[in-house]
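Enquirer: Would you mind keeping the following structure in view while I ask a few things?
There are 2 protein chains.
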Amino acid sequence: MSRNIIKFKNKPSIIGSASVTGKMESEGPLNRFFDLCSGDSKFNMDTWEKAEAEMVRECAEIAIKKSNLKHEDIDLSFAGDLTNQCAASTFGMKDKKIPYIGLYGACSTFALSLGMAALSVDSGVCNIALGEASSHFCSAERQYRFPLEYGCQRPPSAQNTVTGAGCAILSKHTGSHPSVIEFLPGIVKDFGVTDANNMGAAMAPSCADTVIRYFSLSDLSPDDFDLVLTGDLGYEGHNIFLSLIKDAGIDLENNSDDCGKLIYDTNKQEVNSGGSGCGCSASVFCGYIMEKLKKKELKNILLIGTGALLNTGTVLQNESIPGISHLVRITAED
Amino acid sequence: MSRNIIKFKNKPSIIGSASVTGKMESEGPLNRFFDLCSGDSKFNMDTWEKAEAEMVRECAEIAIKKSNLKHEDIDLSFAGDLTNQCAASTFGMKDKKIPYIGLYGACSTFALSLGMAALSVDSGVCNIALGEASSHFCSAERQYRFPLEYGCQRPPSAQNTVTGAGCAILSKHTGSHPSVIEFLPGIVKDFGVTDANNMGAAMAPSCADTVIRYFSLSDLSPDDFDLVLTGDLGYEGHNIFLSLIKDAGIDLENNSDDCGKLIYDTNKQEVNSGGSGCGCSASVFCGYIMEKLKKKELKNILLIGTGALLNTGTVLQNESIPGISHLVRITAED
């Protein structure tokens, strides 16, 4: 194939998953789908960065346990996050003694790690692979924006970085678990958006690009899917995305949603345009969506991880914010 | 396989490579092997960060051209660097419209991207893949340590971040190019080193771990290799590495070298313990080593990328510096 959809013939199964979140996420509508929530988002640590690493560690621990496996059964792990040099993933995974590949895809990282873990199992280079992603509101806020103590106000288009981690364990096809059957890596798209408080707008065009490429390469149509789930465009970005693909003749008005819209109750929680951060799609998918796939309430879905590729320096140097969106297709059918 | 060496049965070929460096590297002993050197390390840009991105862009451009290919022929690209959120790779690759997977492995990133590109070609998910890594002394120095204007003095154990990029293009086996035939992903190892001015010491144990694992899993012995090339431990770290593996019964005194030792002339250039940064092993491999493989002066080598997994925050919070080392085996034999 050449730039086609990567099709996993051996249909790697997601044999276990876990999601761990912070306080605010536990107060949202998906609370009962999370395996563990930290009441103060600190995970018994004395800094926010250590708290995020601990969340990564615990999330992987729970996912491995729920899959009835031990550390030594995992052949390869893929993980990434938003902290500089992906330190939360490194420090979270460092004592597990599992071969480790660090990924960076901003908020698209969970879909990317799921795709890469599936590829490594499908190609036969390993039996069991782990894919994880995380973010923490407090470590992200002070790294990207302002000290938390400053209490900065944010515009309605801004999203709230989710304190959360999600981890999935992939194995050879079992027949009884949801399977990852396709993967379409994203292409970096720069549409010249420069507003660091409107990530949804920066990411929506790349999300549209990946979805348009997918349907142009696939035999399937939007109606073949129970859910086309983006993560995390938020309210603002998801509307832009739906409008962009409608212009391209793809109608997902009735079967698309966004992890950033699902994770909080915007009537009660002050989160502006919804959730964001690698941990948003990771925790929503590994908790809520996996539950629906296991119960076959969802049978055929697309997960499109969307990332905004900036750092504090690129914004200060007046660079635009490119986006990237990686797509994975998951089925609950045997 | 389970945690075994990943063996590439289809022997993906490195059909082209390029290396681009800065001024100081062009004044070193490997000058004639670099495709392009910027006389002021600025690459005609007005910030060091933009200079690094431009270096990434030009390096990929040259590698694609030397492989007689066009952008649209590349099915998948893997890249990473040391800047926060891997921005140099993103901005360097963003206008090429090539599917893109961001990697983070600190200074081990080039070996990692070579391994992942080889895996994607070997498994048949793409025909042509690109692997790249970069670093820039000036963007790294002011991000990790002090403003350049401060003129900070550094201890003898410190390494000099290389301004350089290396890019390799992988395709199906051709029979006439060097091939990547094995890949052993690293395991994060934390030996409690906390001195951010002695990365060699932080990385050497993880490098020894990967090499010891390799020889315990392989039928081959150290004598089967013309060169076991680490990158980048520098003088300090390479000595520690040789001593650690000697303790484990592996003698590489006569056939091991380090990219951080090769790239500068330490008699004439003030670089303390040698070179470091993703761009060091990337530019040394894609220039000097590829030339020797093509001429069959080297026939069977191991490249072990070594990374120190820290950020400025982990150092300030008194965390230790874990290391990771990814190994690839390259052969010039058909």
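Line by line, the protein sequences give chains A and B.
Read in the numbering used here, the first sequence has 86 at position 86, and its numbers run on one by one without any break.
Just add 1000 to the spot in the second sequence (first one is 1) and you have the numbering used here.
The beta carbon of each residue, even a glycine, is placed where N, CA and C say it ideally should be.
#1: According to the neighbour-count rule (16 or more other Cβ atoms, all chains shown, within 10 Å of its Cβ), is residue 1208/B buried or exposed?
#2: For residue 270/A, tell me which candidate among 155/A, 99/A, 85/A has the shortest Cα-Cα distance.
#3: Across which residues does DSSP place residue 1184/B in a beta bridge pair?
#4: Classify residue 146/A as buried or exposed, calling it buried when 16 or more other Cβ atoms lie within 10 Å of its own Cβ.
#5: Using the beta-carbon of each residue, which ones in chain B are nearer than 8 Å to residue 335/A?
#6: Any idea what DSSP makes of residue 49/A, helix, strand or coil?
#7: Just to confirm, are residue 1121/B and residue 1089/B a CB contact at a threshold of 7 Å?
#8: Label residue 989/B either buried or exposed according to how many other C-beta atoms from any shown protein chain fall within 10 Å of its C-beta, with 16 as the threshold for buried.
#9: Taking the straight line between their C-alpha atoms, what separation do you get for residue 43/A and residue 19/A?
#10: So what's residue 1353/B in DSSP terms, helix, strand or just coil?
#11: For residue 1209/B, report the span of its alpha helix (DSSP H) as first-last.
#12: Give me whichever residues DSSP pairs with residue 1019/B in a beta bridge.
#13: Does the structure place the segment 1254-1265 of chain B close enough to the segment 322-333 of chain A that three or more beta carbon pairs sit under 8 Å?
#14: Which residue comes first and which comes last in the alpha helix (DSSP H) that contains residue 291/A?
#15: In the DSSP assignment, find the alpha helix (DSSP H) that holds residue 92/A and state where it starts and stops.
#16: Can you list the residues of chain A that residue 1003/B reaches, using a CB-CB cut of under 7 Å?
#17: Excluding five sequence neighbours on each side, which residues of the same chain lie with their C-beta closer than 6 Å to the C-beta of residue 74/A?
#18: Do we get a CB-CB distance below 7 Å when we pair residue 1311/B with the residues of chain A?
#19: Tell me which same chain residues have a C-beta within less than 7 Å of the C-beta of residue 1030/B, skipping the five on either side of it?
#20: Using the beta-carbon of each residue, which ones in chain A are nearer than 7 Å to residue 1086/B?
#21: Between which two residues does the alpha helix (DSSP H) holding residue 1118/B run?
#22: Straight-line CA distance for residue 1/A to residue 206/A?
#23: Taking Cβ-Cβ distances shorter than 9 Å, what residues in chain A pair up with residue 1112/B?
#24: Considering only heavy atoms of the ligand ZN, does any lie closer than 6 Å to the CB of residue 314/A?
#25: Relative to the alpha-carbon of residue 1032/B, which residue among 1052/B, 1291/B, 1194/B has its alpha-carbon at the smallest distance?
#26: Among 238/A, 295/A, 183/A, whose alpha-carbon lies nearest the alpha-carbon of residue 330/A?
#27: Against chain A, does residue 1188/B count as a neighbour if the rule is that its beta carbon must be under 7 Å from one of theirs?
#28: My output table needs one value for residue 133/A: the three-state DSSP class, helix, strand or coil.
#29: Just the chain B side, please: which residues come within less than 8 Å of residue 317/A by C-beta, in chain order?
#30: Please report whether the beta-carbon of residue 1090/B lies at a distance below 7 Å from any beta-carbon of chain A.
#31: Would you say residue 1094/B lies against chain A (beta-carbon separation less than 7 Å)?
#32: Below 7 Å between beta carbons: does that hold for residue 1211/B and residue 1245/B?
#33: For residue 1248/B, collect the residues of the same chain with a Cβ closer than 8 Å to its Cβ; drop the 5 residues on either side in sequence, then sort them by chain order.
#34: Please determine if the segment 1077-1085 of chain B and the segment 1303-1310 of chain B are in contact, where contact requires at least 3 C-beta pairs separated by less than 8 Å.
#35: Hey, quick one: how far does the beta strand (DSSP E) through residue 1307/B stretch, first residue to last?
Expert: Let me spell this out:
#1: buried
#2: 155/A
#3: 1327/B
#4: exposed
#5: This structure leaves residue 335/A out entirely; chain A is present only between 1 and 334.
#6: helix
#7: no
#8: This structure leaves residue 989/B out entirely; chain B is present only between 1001 and 1334.
#9: 14 Å
#10: Missing from the structure shown is residue 1353/B; chain B here goes from 1001 to 1334 and no further.
#11: 1199-1217
#12: 1166/B
#13: no
#14: 290-294
#15: 87-93
#16: 75, 99
#17: 98, 128, 130
#18: yes
#19: 1262, 1263, 1284, 1287, 1288
#20: 104
#21: 1109-1122
#22: Interpretation of residue 1/A is limited by its pLDDT of 47, a score under 50 that renders its predicted location unreliable; the figure taken from the coordinates is listed afterwards. C-alpha separation (whole angstroms): 22 Å.
#23: 101, 102
#24: In terms of ligand content, the structure shown is empty, and the ligand ZN therefore cannot be addressed.
#25: 1291/B
#26: 183/A
#27: yes
#28: strand
#29: 1047, 1049, 1050
#30: yes
#31: yes
#32: yes
#33: 1208, 1212
#34: no
#35: 1300-1308
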